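This report concerns only the one structure given below.
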Amino acid sequence: GNSVTQMEGPVTLSEEAFLTINCTYTATGYPSLFWYVQYPGEGLQLLLKATKADDKGSNKGFEATYRKETTSFHLEKGSVQVSDSAVYFCALSRNQAGTALIFGKGTTLSVSS
Amino acid sequence: DTEVTQTPKHLVMGMTNKKSLKCEQHMGHRAMYWYKQKAKKPPELMFVYSYEKLSINESVPSRFSPECPNSSLLNLHLHALQPEDSALYLCASSHIRLGPEAFFGQGTRLTVV
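Chains A and B supply the protein sequences, listed in that same order. With our numbering applied, the first sequence covers 382 to 494. With our numbering applied, the second sequence covers 10 to 122.
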């Protein structure tokens, strides 16, 4: 079946540190891949996406590259800020009409100044 | 406009009450979703509507009753809930043809007493 595995947190970093959150997936066919972010007390926000192999999604300094050979979609940011503290979810979609997202368990990021 | 609006933001209800959660979007999305999220967990899919018809019910107890009165609105009717149903309820929508990404509302924080 389809599934997403992401690194367990929490991840604790100092401001301006480099961030990597690992995400790997199992899927039939060619899914689309996403990173969502959830700030405390809020809903999920789409951070970035990639719809085919070798696509790079980017937004707000975050990047992730769709690697079909390693079935991975790792999230990176070169210099984190305190305001990046949140829960990050990796997710995939099977690209069929009206099919729901399949989420990883989430990784909590805490950035201190 | 990528906004999904949920009301109310917070709801406290007794186990004998009947209440409804509301969700609205004006992006022309024809797929709409209800998710339930417990603390420190990823969202769990409850229901999917495609073109205003229920297409997926993830074996949700009948005390949760979804309704999609038109292409912009999605309701979740609640009756005889249990304390373990306390959670964040998230509504999401996606465009069936243009892209698989889902846009989430801010959620309704439900407490059952």
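Even glycine gets a Cβ: it sits at the ideal position worked out from N, Cα and C. The structure presented is a predicted model; accordingly, all values stated were derived computationally and were not measured.
Excluding five sequence positions before and after S80 of chain B, the CB atoms of its chain that fall closer than 7 Å to its own CB belong to R39 and E61, given in chain order. Taking the beta carbon of A111 of chain B as reference, the chain A residues within 7 Å of it are L482, listed in sequence order. Taking the beta carbon of F470 of chain A as reference, the chain B residues within 7 Å of it are P51, listed in sequence order. Contacts between E389 of chain A and chain B, judged by CB atoms closer than 7 Å, are missing: the closest CB pair is about 11 Å apart. Residue state for S466 of chain A is assigned as coil, using DSSP reduced to three classes. Under the three-state reduction of DSSP output, E93 of chain B falls in the helix class. Pairwise C-beta distances place the stretch 69-87 of chain B out of contact with the stretch 462-471 of chain A, as fewer than three of them are shorter than 8 Å.
E397 of chain A: not part of any beta strand (DSSP E); DSSP gives it neither H nor E.
With respect to S102 of chain B, M36 of chain B sits close: the two C-beta atoms are nearer than 8 Å. Inter-segment contact for the stretch 14-23 of chain B and the stretch 64-77 of chain B is absent: fewer than three beta-carbon pairs are separated by less than 8 Å. Residues of the stretch 409-440 of chain A that bring their beta carbon within less than 9 Å of a beta carbon in chain B comprise P412, S413, F415, Y417, Q419, G422, E423, G424, L425, Q426, L427, K430 and T432, in sequence order. For F399 of chain A, the closest of A:V385, A:G487, A:V418 and A:G442 by C-alpha to C-alpha distance is A:G442. Per DSSP, S460 of chain A lies in no beta strand (DSSP E) and is assigned neither H nor E. In the structure shown, K47 of chain B adopts coil according to DSSP, grouped into three states. The C-beta of G485 of chain A comes closer than 8 Å to at least one C-beta of chain B. In summary, P52 of chain B is buried, with 16 or more beta-carbon neighbours lying within 10 Å of its beta-carbon over all protein chains present. For the stretch 94-119 of chain B, the residues whose beta carbon sits under 7 Å from a beta carbon of chain A are, in order, L99, I105, P109, E110, A111, F112, F113, G114, Q115 and G116. The Cβ atoms of M22 of chain B and K28 of chain B sit closer than 8 Å to each other.
By the criterion of a C-beta distance shorter than 6 Å, T120 of chain B is surrounded in its chain by V21 and S95, once the five residues flanking it on both sides are discounted.
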